[in-house]
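*Asks:* Numbering (UniProt numbering), first residue to last: 1 to 284. Note that CB positions come from ideal geometry on N, CA and C, so glycine has one too. No experiment lies behind these values; they were computed from the predicted model shown. Please find one structure pasted underneath; my questions will follow.
Listed below in structure tokens is the structure:
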């Protein structure tokens, strides 16, 4: 079997999506789709949700071990792989260590409710086996917006889960979506999201621009005149207000889409003024 055939045998799709922070990680597919799959803005959960049988996961881990023998970090593929039960994750972690003995760190996508369903003991067990980081889309700190887009969680849920991860020593990377509240909730989105983030300790905040994907409920709402989307300038104004109110520490901030063809990034709080300066320059 060629390397290309081996890769093709362990991934369900030709393109594998991963967070930018996981660029150097080995990718182990354990699930497809999202266990929630009801957010009105989301176009990423195209697959019906399913967890691979353990023999398929073992095959994937064995092939990945042959392809990437020296990997020290593994990222579990699946829209929210942390939805797997603790017993299932323990079995997956055991397979990783059996076939990839150099692996020291394991990360994956998670929803806030995935974290809340696991006990402190569960999370500490997984941490002892290599769990180091979770990538979580919190999207907004405003309950009005979270309800509007059917996120399935509240800002209180988010704070409860993230503060537990802080207490237990598990790192997390957060994604927010600028423009998610449209023109109606622009200021509320920025201020409430900053207020929530200020009570957490993310390793990174990744700001993305809302994209209205054809076929999604939010896209249809916009076409019906029920959602007044922000243009890029509106999202920049929202981002500026967010940054002005953001007081997180030891956190890397990155915006790869809100600025259109530009990317801004920097460490907070040290780089806050430089980031704001770039936003102001584009606003003119």
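In chain order, what residues of the same chain have a beta carbon less than 6 Å from the beta carbon of residue 192, not counting five sequence neighbours either side?
*Replies:* Closer than 6 Å at the Cβ level, and outside the excluded window around residue 192, lie 141 and 142.
*Asks:* Between the Cα of residue 209 and those of 231, 218, 71 and 31, spot the shortest distance and give me the residue it belongs to.
*Replies:* Measuring from the Cα of residue 209, the nearest candidate turns out to be 231.
*Asks:* Under 9 Å between the Cβ atoms of residue 197 and residue 235?
*Replies:* No; because the gap between Cβ atoms is not below 9 Å, this pair is not in contact.
*Asks:* Which parts of the stretch 198-229 are runs of the beta strand (DSSP E), unbroken and 3 residues or longer, counting only runs that do not cross its ends?
*Replies:* Taking only runs of at least 3 residues, the beta strand (DSSP E) segments lying wholly in the stretch 198-229 are 204-209.
*Asks:* Round the Cβ separation of residue 55 and residue 26 to the nearest angstrom and send it over; I've been treating them as touching at under 8 Å.
*Replies:* Their Cβ separation, rounded to whole angstroms, is 20 Å, which puts residue 55 and residue 26 out of contact at 8 Å.
*Asks:* In this structure, how does DSSP classify residue 103 when only helix, strand and coil are distinguished?
*Replies:* Residue 103 falls in the coil class under three-state DSSP.
*Asks:* Measure the alpha-carbon distance for residue 180 versus residue 101 and round it to whole angstroms.
*Replies:* Each residue's alpha carbon lies about 42 Å from the other.
*Asks:* Have a look at 129, 88, 44 and 282 and flag the residue whose alpha-carbon is nearest the alpha-carbon of residue 233.
*Replies:* Checked all of 129, 88, 44 and 282; the closest Cα to residue 233 is 282.
*Asks:* Measure the beta-carbon distance from residue 29 to residue 77 and round it to whole angstroms, keeping in mind my assumption that it falls under 8 Å.
*Replies:* Between residue 77 and residue 29 the Cβ distance is about 4 Å, and since that is below 8 Å, they are a contact.
*Asks:* Please state whether the Cβ-Cβ distance between residue 145 and residue 188 is less than 9 Å.
*Replies:* Yes.
*Asks:* Counting only runs that start and end within the stretch 154-200, where is the beta strand (DSSP E) found for 3 or more residues in a row?
*Replies:* The stretch 154-200 contains these whole beta strand (DSSP E) runs: 171-178.
*Asks:* To which residues of the same chain is residue 73 closer than 6 Å at the C-beta, ignoring the five residues directly before and after it?
*Replies:* Cβ neighbours of residue 73 beyond the five flanking positions: 25 and 105.
*Asks:* Among 156, 42, 90 and 279, which residue has its Cα nearest to the Cα of residue 126?
*Replies:* It is 90 whose Cα lies nearest to the Cα of residue 126.
*Asks:* Would you call the CB atoms of residue 31 and residue 13 closer than 9 Å?
*Replies:* Contact flag unset, no.
*Asks:* Is residue 133 helix, strand or coil by DSSP?
*Replies:* Residue 133: strand per DSSP, three-state reduction.
*Asks:* With a threshold of 7 Å on Cβ separation, who are the neighbours of residue 267 within its own chain once the five nearest residues in sequence on each side are excluded?
*Replies:* Hits under 7 Å: 252.
*Asks:* Is it right to say residue 225 is buried, meaning 16 or more other beta carbons lie within 10 angstroms of its own, or is it exposed?
*Replies:* With fewer than 16 other Cβ atoms within 10 Å, it is exposed.
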